[in-house]
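Enquirer: Counting from 1, position 79 in the sequence shown corresponds to residue 78 in numbering that gives the first Met the number 0; the numbering is continuous, with no gaps.
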Amino acid sequence: MSKFKKTLMWSSITILGLVITLFMFGYWFISLIPKPDPENAISKVTVEELPYLSKDIIEKRGKVLAVVTSTEIMGTSGKATGFELTELSRAYYVFLANGFEVDIASPKGGKAPVIIDDEDMGAYDFAFLNDSIAQEKIENTLTLKEIVASDYAAIYFVGGKGAMYDFPDNTFIQDIVKSYYQKGKVVGAVCHGPAALVNVTLDGDEPLLAGKSVCSFTNSEELLLIPEAKSIFPFLLEDKLVQSGANFNEGTMYLENVVHDENLITGQNPWSTWKVAETMVSQMGYLPKTRIITAEENAIQILGLFHKQGYQSAKTRISELTESQLEIDRTLIAMHSIVAAMQWDLVNSIKLIGLLKFAKEELEAKYSLQNG
0 MSKFKKTLMW SSITILGLVI TLFMFGYWFI SLIPKPDPEN AISKVTVEEL PYLSKDIIEK
60 RGKVLAVVTS TEIMGTSGKA TGFELTELSR AYYVFLANGF EVDIASPKGG KAPVIIDDED
120 MGAYDFAFLN DSIAQEKIEN TLTLKEIVAS DYAAIYFVGG KGAMYDFPDN TFIQDIVKSY
180 YQKGKVVGAV CHGPAALVNV TLDGDEPLLA GKSVCSFTNS EELLLIPEAK SIFPFLLEDK
240 LVQSGANFNE GTMYLENVVH DENLITGQNP WSTWKVAETM VSQMGYLPKT RIITAEENAI
300 QILGLFHKQG YQSAKTRISE LTESQLEIDR TLIAMHSIVA AMQWDLVNSI KLIGLLKFAK
360 EELEAKYSLQ NG
């Protein structure tokens with residue numbers, strides 16, 4: 000056999016070995032993630048099945064205005080956009096559970112375009128899709144120009160990449176934010192929602208954001224998902240907020256981060272939605288109603304401990320949550336291990352896979368103990 004043929008043969012064997020190894024690793028990795036429910040029972044959840052909403056109902060305290068984008072396409076990219084369902088649904092139900100009726104408005108009014116990320120959907124999000132009242136509001140959003148600002152105790156700007164196009168220069172948004180902020184009413188926004196704040200000027204020609212502490216979807220988060228973001232969007236939101244005079248508070252990528260500066264409350268990404276809404280309720284003068292923390296939030300807490308206090312602290316929290324029979328969204332931990340790998344942070348990627356494996360083992364041990 001010629002030297003060339005031998006080299007070719009061993010190269011082929013090496014490649015085949017790598018393919019088999021990667022396949023086996025992928026199979027093992029997937030085994031650490033819970034299998035989807037074949038009947039997809041969660042998609043049928045209704046508001047009446049959620050104790051947070053159906054029990055211990057609080058008397059009406061007023062109204063909150065939620066604002067969503069009307070933009071359906073990201074600039075000239077041809078890519079579909081809209082508001083993020085989870086950033087509306089979760090806040091919507093926090094406000095309702097705490098006694099606030101919610102109206103939904105958009106720059107153009109009418110049916111609002113929505114983006115649904117299947118892997119992020121939870122019980123409250125599916126309940127929103129099955130809620131005829133909520134869906135009627137999405138199908139027939141109010142136009143901003145018909146809003147009577149005095150009717151509402153607070154305004155909440157829902158994220159979604161479409162907000163980058165029709166929030167910043169909307170004069171109705173600028174007027175209502177200026178009015179609310181100066182009167183001490185609560186202004187909240189999450190993810191791309193803070194795009195509503197960048198061109199707001201207060202009395203005396205002072206920019207709203209001058210010296211204010213805020214957060215939003217970060218440049219790092221944006222560019223990892225959309226490398227060409229600088230050419231697709233009119234600006235990067237983090238950059239624009241800083242240019243507008245804000246003190247930008249950047250949290251860990253894709254983890255909860257909420258910044259509360261007097262009556263201005265902002266959240267970094269979809270995973271900050273629960274806390275943004277509950278912080279808004281607190282700022283309005285009420286103790287937020289107690290609810291069961293979701294499996295996703297428990298995973299976010301674990302990931303936060305991992306990044307701030309290390310691997311062992313995260314493992315300890317997994318054990319505590321499992322012992323208390325609280326659910327953990329292992330899929331989210333798996334996603335963060337992939338994000339770390341995408342950034343070539345292989346050490347943290349491996350450690351996160353270790354946490355994923357440990358969480359599965361803890362759950363199986365607890366189940367085995369309960370069943371003798």
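No residue lacks a Cβ here, since even glycine has one placed at the ideal position from N, Cα and C.
Keep in mind the model is a prediction, meaning the values are calculated, not measured.
To which residues of the same chain is V66 closer than 6 Å at the C-beta, ignoring the five residues directly before and after it?
Expert: Same-chain partners within the cutoff: A104, F156.
Enquirer: Residue range of the beta strand (DSSP E) that G61 falls in?
Expert: Segment 61–66, the beta strand (DSSP E) holding G61.
Enquirer: Take L362 and list the residues in its own chain whose beta-carbon comes closer than 7 Å to its own, dropping the five residues that flank it on each side.
Expert: Only T321 meet the Cβ criterion.
Enquirer: Which residues in the same chain as M8 place their Cβ atom closer than 7 Å to its Cβ, once the five residues preceding and following it in sequence are excluded?
Expert: With a pLDDT of 47 at M8, under the threshold of 50, the modelled position of that residue is not reliable, and no figure is offered here.
Enquirer: Which runs of the alpha helix (DSSP H) spanning at least 4 residues fall entirely within the stretch 138–181, listed in chain order?
Expert: Complete alpha helix (DSSP H) runs here, min 4: 162–165.
Enquirer: Quick one: which unbroken alpha helix (DSSP H) runs of 4-plus residues sit fully inside the stretch 277–363? Chain order, please.
Expert: Complete alpha helix (DSSP H) runs here, min 4: 294–308, 310–322, 329–341.
Enquirer: When you compare the stretch 296–303 with the stretch 82–95, are there three or more beta-carbon pairs, one atom per stretch, that lie closer than 8 Å?
Expert: Output reads no: the stretch 82–95 does not touch the stretch 296–303.
Enquirer: Nearest-angstrom Cα distance between E118 and L331?
Expert: Rounded to the nearest angstrom, the two C-alpha atoms are 9 Å apart.
Enquirer: Near I337, which residues of its chain fall below 8 Å by C-beta distance, leaving aside the five closest residues on each side in sequence?
Expert: Around I337: S348.
Enquirer: Determine the closest residue to G183 out of L208, A152, F171, K160, with distance taken between C-alpha atoms.
Expert: Selected option, being the one with the closest Cα: A152.
Enquirer: Return the residue from the list L84, N39, S212 that minimises the CA-CA distance to G159.
Expert: Of the listed residues, the one whose Cα sits closest to G159 is L84.
Enquirer: Given a threshold of 16 other Cβ atoms within 10 Å of its Cβ, counted over all protein chains shown, does S367 qualify as buried or as exposed?
Expert: Looking at its Cβ environment, which holds fewer than 16 other Cβ atoms inside 10 Å, S367 is exposed.
Enquirer: Given this structure, state the Cα-to-Cα distance separating K359 from I29, to the nearest angstrom.
Expert: Whole-angstrom Cα-Cα distance: 12 Å.
Enquirer: For Y180, collect the residues of the same chain with a Cβ closer than 8 Å to its Cβ; drop the 5 residues on either side in sequence, then sort them by chain order.
Expert: Only V186, V199, L201, L207, N262, L263 meet the Cβ criterion.
Enquirer: Measure the C-alpha to C-alpha separation of A364 and S318 and round it to an integer number of angstroms.
Expert: Roughly 11 Å between the two C-alpha positions.
Enquirer: Label Q282 either buried or exposed according to how many other C-beta atoms from any shown protein chain fall within 10 Å of its C-beta, with 16 as the threshold for buried.
Expert: Per the 10 Å Cβ criterion, buried.
Enquirer: Taking C-alpha atoms, which residue in E71, S42, S243, E100 lies nearest to K59?
Expert: The candidate whose alpha carbon is nearest that of K59 is E100.
Enquirer: Answer yes or no: do V213 and N248 have a C-beta to C-beta separation smaller than 8 Å?
Expert: Result yes, Cβ atoms of V213 and N248 sit closer than 8 Å.
Enquirer: Report the option in G210, K307, L236 whose CA atom is closest to the CA atom of E221.
Expert: Closest option to E221, Cα to Cα, is L236.
Enquirer: What first and last residue would you give for the alpha helix (DSSP H) that runs through D238?
Expert: Here the alpha helix (DSSP H) through D238 covers 236–242.
Enquirer: Under three-state DSSP, which class holds I132?
Expert: Reduced to three states, the DSSP call for I132 is helix.
Enquirer: Figure out for me which residue from A126, N97, M252 has the closest Cα to the Cα of I56.
Expert: Residue N97 is the option with its Cα nearest to I56.
Enquirer: Which class does K5 belong to by DSSP, given the choice of helix, strand or coil?
Expert: Confidence is the limiting factor: at K5 the pLDDT is only 46, short of 50, which leaves the residue's position unreliable, though a coordinate-based value still follows. K5 falls in the helix class under three-state DSSP.
Enquirer: Between T251 and H306, what straight-line distance do the alpha-carbon atoms span, to the nearest angstrom?
Expert: Distance between the alpha carbons of T251 and H306 is about 8 Å.
Enquirer: Compute the Euclidean distance between the alpha carbons of K5 and G353, then round it to the nearest angstrom.
Expert: Note that K5 scores a pLDDT of 46, beneath 50, so its modelled location is shaky and nothing firm can be said.
Enquirer: Looking at K211: is its Cβ nearer than 8 Å to the Cβ of A162?
Expert: Cβ distance not < 8 Å, so K211 and A162 don't count as in contact.
Enquirer: Could you compute how far the alpha carbon of L240 sits from the alpha carbon of E38?
Expert: Cα to Cα, the separation comes out at about 44 Å.
Enquirer: Reducing DSSP to helix, strand and coil, say where L31 ends up.
Expert: Coil.
Enquirer: Considering only their Cβ atoms, is the gap separating D344 from A298 smaller than 8 Å?
Expert: Not a contact, by the Cβ cut-off of 8 Å.
Enquirer: Should P233 go down as buried or exposed, given a rule of 16 or more other Cβ atoms within 10 Å for buried?
Expert: Classification of P233: exposed, given that the 10 Å Cβ count is below 16.
Enquirer: Considering only C-alpha positions, which residue in the set A194, I291, L351, F127 is nearest to G309?
Expert: Among A194, I291, L351, F127, the Cα nearest to that of G309 belongs to L351.
Enquirer: Could you tell me the boundaries of the beta strand (DSSP E) in which E100 lies?
Expert: Run containing E100: 99–105, per the beta strand (DSSP E) assignment.
Enquirer: Would you report the Cα separation of T278 and F357, rounded to the nearest angstrom?
Expert: Computed Cα separation, rounded: 33 Å.
Enquirer: Using a threshold of 8 Å, state whether the C-beta atoms of G109 and T140 are closer than that.
Expert: Yes; because the gap between Cβ atoms is below 8 Å, this pair is in contact.
Enquirer: Please state if the CB of G266 and the CB of C190 are separated by a distance shorter than 8 Å.
Expert: Contact flag set, yes.
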